[in-house]
Amino acid sequence: MLKNMSEDHSTITVTKNGKPVSIIMTPDRYDALIYPP
Numbered sequence: 000m001l002k003n004m005s006e007d008h009s010t011i012t013v014t015k016n017g018k019p020v021s022i023i024m025t026p027d028r029y030d031a032l033i034y035p036p
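Per numbering that gives the first Met the number 0, the sequence shown starts with residue 0, numbered consecutively.
What follows is the structure, encoded as structure tokens:
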């Protein structure tokens with residue numbers, strides 16, 4: 000799953016009862032959030 004996400008730079012939001020509870024993202028996208036250019 001992560002390999003496919005890496006190819007198209009996607010992010011998955013996990014919801015519970017319609018409310019977001021977690022986010023799954025590739026390491027590159029995570030680094031971009033933590034260390035913006």
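By construction, the Cβ of each residue, glycine as well, lies at the ideal position given by its N, Cα and C atoms.
In the displayed model, Pro-26 falls within a helix according to three-state DSSP.
By a beta-carbon distance limit of 8 Å, Pro-19 contacts Thr-12. Their separation comes to about 5 Å. If you draw a straight line from the Cα of Leu-32 to the Cα of Gly-17, it is about 24 Å long. CA-to-CA, the gap between Asp-27 and Tyr-34 works out to about 10 Å.
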